[in-house]
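Chains Z, B, S and W, in that order, give the protein sequences. Everything in the first sequence is counted per the UniProt record's numbering, starting at 1 for the first residue and increasing by one. Everything in the second sequence is counted per the UniProt record's numbering, starting at 1 for the first residue and increasing by one. Everything in the third sequence is counted per the UniProt record's numbering, starting at 1 for the first residue and increasing by one. Everything in the fourth sequence is counted per the UniProt record's numbering, starting at 1 for the first residue and increasing by one. Beta carbons: idealized from backbone N, C-alpha and C, even for Gly. In this text, all values refer to a predicted model and were calculated from it rather than measured experimentally. Working notes for the structure below.
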Amino acid sequence: MAKRTSYFPELKRNWWLKHPYFKKYMAREATVLPLVFFLLCLLAGLYSLLQGAESWQGWLTFMQSPLVIAVNALAFIASLFHAWTFFQLFPRVMPLRAGGRTLPPNLMVLGQWFGVVVVMVLAAWIFMRGL
Amino acid sequence: MTTKRLSIQRYLPEQGNNTPYWQDFDIPFDDSTSVLDALNYVKEELDGSLSYRWSCRMAICGSCGVMVNNTPKLGCQSFLRDYEGPVKIAPLAHFPVEKDLIIDMGLFLDHLAAVQPYLINDSRLINDSEEGTETFKQTPAQMEKYKQFAGCINCGLCYSACPQFGLNPEFLGPAALTLAHRYNLDSRDQGKKQRMPQMNREEGVWSCTFVGFCSEVCPKNVDPAAAVNQGKVESAKDMLIGIFKG
Amino acid sequence: MREQDIDIVIVGGGGAGLRAAIAAAESARKEHRQQRIMLLSKVYPMRSHTVSAEGGAAAVTSEEDSLQAHFDDTVAGGDWLAEQGVVDYFIRHAHRELVQMERWGCPWSRKPDGSVQVRRFGGMKTARTWFAADKTGFHMLHTLFQTSLKYPEIERLDEYFVLDIAVVAGAVAGVIALEIATGELILLRAKSVILATGGAGRLFRFNTNAGIVTGDGMAMAFRHGVALRDMEFVQYHPTGLPGSGVLITEACRGEGGILVNKDGYRYLQDYGLGPETLLGHPQNKYMELGPRDKLSQAFWQEQQSGRTGKFGDSDVVYLDLRHLGKEYLHERLPFICELANVFINVDPVKEPIPIRPAVHYTMGGIETDAHCETRIKGLYAAGECASVGLHGANRLGSNSLSELLVFGRLAGEEASQRAATVTFADSTALKEQAQAQKIRIAKLYDAEGEENWVELKRELVLTMETGCGIYREVAGMQTTLDMIRDLQTRYRNIRLQDKSRAYNTELMQCLELGYGLDIAEATCLGALERKESRGAHKRLEEDLQQRDDVNYLKHSQVFFNAEGPAQLRWQDVDTHLSAPAERAYGDAGKGIKQ
Amino acid sequence: MNKGTSLNNDASENMRRSDEPIWWGLFSAGGVCFAVFVPAAILFIALLIPAGIVGPDALRFERAHSMVFSLPGLIFIGMVICLPLFHAAHRIRHGLHDLKLGTEHLNKVATYGGAALLSVLALVGFAIGIL
Ligand SMILES: Cc1cc2nc3c(=O)[nH]c(=O)nc-3n(C[C@H](O)[C@H](O)[C@H](O)COP(=O)(O)OP(=O)(O)OC[C@H]3O[C@@H](n4cnc5c(N)ncnc54)[C@H](O)[C@@H]3O)c2cc1C
Ligand code: SF4
Ligand code: F3S
Ligand code: FES
Numbered sequence: 001m002a003k004r005t006s007y008f009p010e011l012k013r014n015w016w017l018k019h020p021y022f023k024k025y026m027a028r029e030a031t032v033l034p035l036v037f038f039l040l041c042l043l044a045g046l047y048s049l050l051q052g053a054e055s056w057q058g059w060l061t062f063m064q065s066p067l068v069i070a071v072n073a074l075a076f077i078a079s080l081f082h083a084w085t086f087f088q089l090f091p092r093v094m095p096l097r098a099g100g101r102t103l104p105p106n107l108m109v110l111g112q113w114f115g116v117v118v119v120m121v122l123a124a125w126i127f128m129r130g131l
Numbered sequence: 001m002t003t004k005r006l007s008i009q010r011y012l013p014e015q016g017n018n019t020p021y022w023q024d025f026d027i028p029f030d031d032s033t034s035v036l037d038a039l040n041y042v043k044e045e046l047d048g049s050l051s052y053r054w055s056c057r058m059a060i061c062g063s064c065g066v067m068v069n070n071t072p073k074l075g076c077q078s079f080l081r082d083y084e085g086p087v088k089i090a091p092l093a094h095f096p097v098e099k100d101l102i103i104d105m106g107l108f109l110d111h112l113a114a115v116q117p118y119l120i121n122d123s124r125l126i127n128d129s130e131e132g133t134e135t136f137k138q139t140p141a142q143m144e145k146y147k148q149f150a151g152c153i154n155c156g157l158c159y160s161a162c163p164q165f166g167l168n169p170e171f172l173g174p175a176a177l178t179l180a181h182r183y184n185l186d187s188r189d190q191g192k193k194q195r196m197p198q199m200n201r202e203e204g205v206w207s208c209t210f211v212g213f214c215s216e217v218c219p220k221n222v223d224p225a226a227a228v229n230q231g232k233v234e235s236a237k238d239m240l241i242g243i244f245k246g
Numbered sequence: 001m002r003e004q005d006i007d008i009v010i011v012g013g014g015g016a017g018l019r020a021a022i023a024a025a026e027s028a029r030k031e032h033r034q035q036r037i038m039l040l041s042k043v044y045p046m047r048s049h050t051v052s053a054e055g056g057a058a059a060v061t062s063e064e065d066s067l068q069a070h071f072d073d074t075v076a077g078g079d080w081l082a083e084q085g086v087v088d089y090f091i092r093h094a095h096r097e098l099v100q101m102e103r104w105g106c107p108w109s110r111k112p113d114g115s116v117q118v119r120r121f122g123g124m125k126t127a128r129t130w131f132a133a134d135k136t137g138f139h140m141l142h143t144l145f146q147t148s149l150k151y152p153e154i155e156r157l158d159e160y161f162v163l164d165i166a167v168v169a170g171a172v173a174g175v176i177a178l179e180i181a182t183g184e185l186i187l188l189r190a191k192s193v194i195l196a197t198g199g200a201g202r203l204f205r206f207n208t209n210a211g212i213v214t215g216d217g218m219a220m221a222f223r224h225g226v227a228l229r230d231m232e233f234v235q236y237h238p239t240g241l242p243g244s245g246v247l248i249t250e251a252c253r254g255e256g257g258i259l260v261n262k263d264g265y266r267y268l269q270d271y272g273l274g275p276e277t278l279l280g281h282p283q284n285k286y287m288e289l290g291p292r293d294k295l296s297q298a299f300w301q302e303q304q305s306g307r308t309g310k311f312g313d314s315d316v317v318y319l320d321l322r323h324l325g326k327e328y329l330h331e332r333l334p335f336i337c338e339l340a341n342v343f344i345n346v347d348p349v350k351e352p353i354p355i356r357p358a359v360h361y362t363m364g365g366i367e368t369d370a371h372c373e374t375r376i377k378g379l380y381a382a383g384e385c386a387s388v389g390l391h392g393a394n395r396l397g398s399n400s401l402s403e404l405l406v407f408g409r410l411a412g413e414e415a416s417q418r419a420a421t422v423t424f425a426d427s428t429a430l431k432e433q434a435q436a437q438k439i440r441i442a443k444l445y446d447a448e449g450e451e452n453w454v455e456l457k458r459e460l461v462l463t464m465e466t467g468c469g470i471y472r473e474v475a476g477m478q479t480t481l482d483m484i485r486d487l488q489t490r491y492r493n494i495r496l497q498d499k500s501r502a503y504n505t506e507l508m509q510c511l512e513l514g515y516g517l518d519i520a521e522a523t524c525l526g527a528l529e530r531k532e533s534r535g536a537h538k539r540l541e542e543d544l545q546q547r548d549d550v551n552y553l554k555h556s557q558v559f560f561n562a563e564g565p566a567q568l569r570w571q572d573v574d575t576h577l578s579a580p581a582e583r584a585y586g587d588a589g590k591g592i593k594q
Numbered sequence: 001m002n003k004g005t006s007l008n009n010d011a012s013e014n015m016r017r018s019d020e021p022i023w024w025g026l027f028s029a030g031g032v033c034f035a036v037f038v039p040a041a042i043l044f045i046a047l048l049i050p051a052g053i054v055g056p057d058a059l060r061f062e063r064a065h066s067m068v069f070s071l072p073g074l075i076f077i078g079m080v081i082c083l084p085l086f087h088a089a090h091r092i093r094h095g096l097h098d099l100k101l102g103t104e105h106l107n108k109v110a111t112y113g114g115a116a117l118l119s120v121l122a123l124v125g126f127a128i129g130i131l
C-alpha cells in the first residue's frame, strides 16, 4: 500500500483556552480548588477545637481575616456554580422514569435546588437556635 | 450578491507541503448558502484540487463534518448567513488529516465495531426458514428508552468536540459508547453482558469526564454525553454485581 | 497493482449491497462453504444514499390487506410494464424481509400493543408501509451496516472506487477498483460480482439524490454489453424543496398533508384524482395519494397555466400540513420539520411548505433475469441500479426499500451458490483488463485538454432536465441526445486540475461524469423511441399522449456500442398474471379491477 | 485497509476492568454533598458568622464542641469533609490529566491518597474529641 502521509497535531496543554465551552468546563473542574481551601479550614478548626478554647478562638480569628473570608466567599460561589452544573447533569445520568415517560429534566433540576434551600434553612435553624 | 471570505485549511502533502496552511477565498452567498455550497463553489469555480467529503447534502449521511470557526459542524447544515466576518474552515479536530478537509475515519469505525453494535438475541434467525415471520413485540414506551440514542449518523463531530478523545485516541468515544448503550437499552437485546467488558475498560466509559461538548455539537440531538454517563452507572452496577457474585 | 482472490465481490454499500453481503454470508454458513466476501463502496457504507430514504417500506401486513392487492397496485402503478413473475416473487417475500429487519434491531414505529405500525402511501390501496418515523432509510441502513459487523466473513474496502468489472469468456471474472486514499489500483479476482451501485438521479439538475448517485455501476455493465432497460422512466417526486431539491417525503401526504396552488386550491381534483377528499381524511389512491407521475404532471400543468407561486427563482405549489397539529407532526414527521426549518426557514406547523417536483428515482437499470443475474454469467445486480422488472413505468413509493431487501438477499444467495460451483478465471486475461484501467487513469492525469468537467456536467444536467423532464417532445429530446453525444466527444478532451493521487475527488467526479454520459444517452434514446405515454414517461405530442399497448407494451433495451451511437431494442413484457387494463385513480379508478 | 471485523473482544490485557467505578462513586457522592450541603456550611461557618452577621455566640467553644463531637457531628464530617475531599481529589486528578501533568499512576496516588489521609485525620480528630 502506498504510504499515507497524515498530519496529526497533538493536543497541546492549553487546548482548553481555545473554545469558550472548554473554559467553562475548566472553571467547573476548578471549583474544587477553593473547596479544598475551605475543607482545610474545617480540618484546622477541628484540631483547634481539640486543643481547647484558646486555640479555638485563634481559629475563629483566623476565619475572620479578610483574605480568608475572600477565599471562602469564592468557595461559596464555586459551590453554587458547581451545584448549577451538577444538577443539570443528574437528570441526564440518571433519568427518572414514571409512567413510560422520562421526568422532565427541568423539574429534576428544580427539585435539587429546592433541596439546597431546605439545607440552608436547616443550617440557619441549627446555627441560630437559642441565640 | 454579497461575498464572504472563507479561510480554508489546506493540507497537500503530495505537493510538498508537510504542514497545513490557510488559503482565503471570496464566495458569493445568499441566505441559503451552506458551508458545503461554499466548498462546492470553491471546487467548481476557483480551485479544483480542494478535497472534502460530502454526499446527501441533507444532514443525514454524516460525511460532511468540518470545523467551522473552531466548532465541529456539518457543512451542509451550517449557513454562511449565520457567521459574522470571515469563516474559518478546518478538518475535524482530533483525527489524522489526510488531505485538505479529509480526515482518517478508520479509528472511529474500529471503535464503533468494538462495542458489538447489533442486536444480540438467542432466538433463531428467521433467515433460515420461510415461516416464523413474527416480529418481536416492543411497545412505544420501550422504544422511547433508546430511540434518541439510535439517531446517530456517525458523523464524528462528537469526537472532534471531545478533548478526552483528543488526549487519548484509544478512548472509545461518545458515538461508539452511545451505540453500545442504545443496544443495551433495547428490550429485544440480550447482549449487554457481552458489551460490558468494553465499556468497563479505562478507555470505555471511564475516560469521559463529562465535558459535555459532544452533546452540544451533535447535529441530531442524540445526547451522547447522557448515554456515556448512563453507561458509567451501568458499568458501576456491573462491577458491584461482579463483586457479589465473587 | 495489488491483487486478491475473492469469491463474492459486492460493489455498493447501500441497502441492497449490505443485504446481499449478509445473505451471502448466511448462505455460505448454512452450506458450510468457506467463502471470502468483499464489499466495496466509494463511500463508507452508512453514507450510502439509502440513508436519505424517509417514508417507508411496503409489505402486506394487516388482515384486511392481501398479496393480490399489493400485486395489483404495483402492476397498475407501473402501467403494466412490470415483469409480473418478479412482482409476484417480490410481494411474497417483502414481509419476511421487513420482519427480518426488525429482528436485527430496526426500530420500526409501533402501535401501543407493541406490534409494527403501517402508514398510507401513494398509489397503494391500503396502508402497508412500514416506517421508522420519517427516517426509514436511515434506520434500515444503519441496522444493516451494524448487523454486517456481526459477520467476520464480510470484509470491506471502504472508500474504494470501482472502475470496471472484468469479463472473461462471457462470465464475470473480477473488479478493478481505485483506493481513494492512495490512488492505487487493486484487482479483485472474483467468481461472482454483485452490482448494487444505486440510481442515477444526478444526471438531472434538480433532484433529491445524494451527490454519489451517479449510475457508475449501470455504465460498467452497459459497457460490457448488458442492456440498460427501461431507462426512459425517470421518476419525478412531486415534493422537493425549492433550491436544494431536498426531499419532503410522500409520508406527509400519507399522514394527511394536502397540495394547493397559489390560490389555495386543491388542484389535483382537476387531474383525474378527485373528488376532493375531506381535510384530515386522506383516502388511498385519491387526490394527494395518487401516484408520483400523475402528481408531478399535474404540477407541470398548473405551472403552464400560471397557477404556481414563487419561492426564490422556483415555481412552487404548497404542501399544507398545518391541520395535523404540532404534536402529531413532531411525532410522525420530525425530520421533515427539521429540514423545512433548516433549508428554507419554514415551520410546517405554522406555514405551508413550498415544494416542486424533483428527479428522484431511476426505474430502469441493469437488465437482470428474475434471479438478479445479468446476461454476463456471475454478474448480478440488485437495488436501484438494477432493472429486475419490478417497477415498470413508474415505481410506487415504499416499494424500493423493500426491493433492496428482497432482491439484495436473492442476489447474495445466488452469488454465493455460484461461487461454490465455479473456479477463478485465468489471471492473464484479467490482468490485461486491469492494465487497461491503469492506462485509462494515467491518461486522465496526463491529459492536457481544455475541457473542464464542471462545465460539461452543468451542460449535461441542464439538457437532461429540458429534454427528458416531466413532459417530453421529440425536438427537445433530439436536441438533448445530440448534446449528449457532443458532450461525449468533448469529454475525451478533459483536463484535471488536481494531479494528486490521494483523495483526488476531482478525478472521482470526472469518472462519474464519464459514466453519466453513457447512461444519459441510454435514457434519452429510450425516451425518444418510446412514442407513447406510459407511467413516468409523458409525451407532449398530440397523438402520443395515450398509452399504446399494441406497439409499446415492451421494455426498451439499450445496448452500448463502442464504435458509434447506442442501439435500442424492444423486449416483451411478462403479463401472464394480469392483463393490461386502464390505469386510473380517484373516482375514475373505482370500477376498475386494480 | 478497513475491515469490517470487530476488535478482539477476549478478556485480554486491554480488556481490563477499570477501578474507576470506586472513585467515580465517591466523586458522585461527594459532588452531591458539595452541591447540597457545602454551600450552607460555607455560608454560615466561613462567611456569615466570621463576618459577624450571625451572632458571635453561634460558634462559642462549648457550643461548637458539643455540636461537633456528637453523632450529627460525625455525619457532618462525612458529608461536608470526607466525601467532598474525594470529589475534589477526583477532579484534580482528571484536571492534571487534562493539563497533561504528571503520570496517571502518580496522580492517582497523590490525589486519592491525599483525600484519604485528610479524611482519616478528620475521623481521628473526631475520635479523640468524643473519647
Ligand atoms: C430522498 C429519497 C427518499 C427516498 N425514500 C424512499 C422511501 O421512503 N421508500 C422507498 O421505498 N424508497 C425510497 N427512496 C428510494 C430508495 O431509497 C433508493 O432506491 C435505495 O435506497 C437505493 O439503494 P441501493 O442500495 O440500490 O443504492 P444506494 O443506497 O444508493 O447505494 C449505492 C452504493 O453503491 C456505491 N457505489 C456507487 N458507485 C460506486 C463505484 N463506482 N465504486 C464503488 N462503490 C460505488 C455507493 O458508495 C453506495 O454505497 C428514496 C430515495 C430518495 C432519493
Ligand atoms: S452522536 Fe451525534 S455528533 Fe456523535 S457521531 Fe453521532 S450524530 Fe454525530
Ligand atoms: S465531550 Fe467527551 S468527556 Fe464525555 S461528555 Fe462528551 S464524551
Ligand atoms: S452531506 Fe450528508 S450530512 Fe452533510
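Ligand 2 heavy atom lying under 7 Å from the CB of residue i
i: residue 217(B); result: yes
Nearest residue (CA-CA) to residue i, options the options
i: residue 8(B); options: 23(B), 62(B) and 142(B); result: 23(B)
i: residue 42(B); options: 6(B), 238(B) and 154(B); result: 6(B)
i: residue 44(B); options: 544(S), 557(S) and 509(S); result: 509(S)
i: residue 87(Z); options: 26(W), 23(W), 32(W) and 27(W); result: 32(W)
i: residue 95(W); options: 209(B), 224(B), 213(B) and 87(B); result: 209(B)
i: residue 382(S); options: 401(S), 501(S), 394(S) and 164(S); result: 401(S)
Neighbouring residues, chain Z, relative to residue i (Cβ below 7 Å)
i: residue 68(B); result: Ordered by position in chain Z, no residue passes the 7 Å Cβ test against residue 68(B), which lies about 12 Å from the chain.
Simplified DSSP state of residue i, which is helix, strand or coil
i: residue 441(S); result: helix
i: residue 341(S); result: helix
i: residue 472(S); result: strand
i: residue 207(S); result: strand
i: residue 94(Z); result: coil
i: residue 179(S); result: strand
i: residue 51(W); result: coil
i: residue 11(W); result: Caution applies to residue 11(W), whose pLDDT of 45 falls short of 50 and renders its modelled position unreliable; the value that the coordinates give is listed next. Coil.
Any non-hydrogen atom of ligand 3 within 7 Å of residue i CB
i: residue 210(B); result: yes
i: residue 228(B); result: yes
Heavy atom of ligand 4 within 7 Å of residue i beta-carbon
i: residue 63(B); result: yes
Under 7 Å by beta carbon: chain B residues contacting residue i
i: residue 5(Z); result: 13
Beta-carbon neighbours of residue i, restricted to chain Z and to distances below 8 Å
i: residue 74(B); result: In chain order: nothing, as chain Z lies at least about 18 Å away.
Interface residues of chain W facing residue i [CB-CB closer than 9 Å]
i: residue 201(B); result: 14, 15, 16, 17 and 18
Residue i: CB within 7 Å of a non-hydrogen atom of ligand 1
i: residue 216(S); result: yes
Task: chain S contacts from the region 178-196 of chain B (Cβ-Cβ distance under 8 Å) - done: 179, 183, 186, 188 and 189
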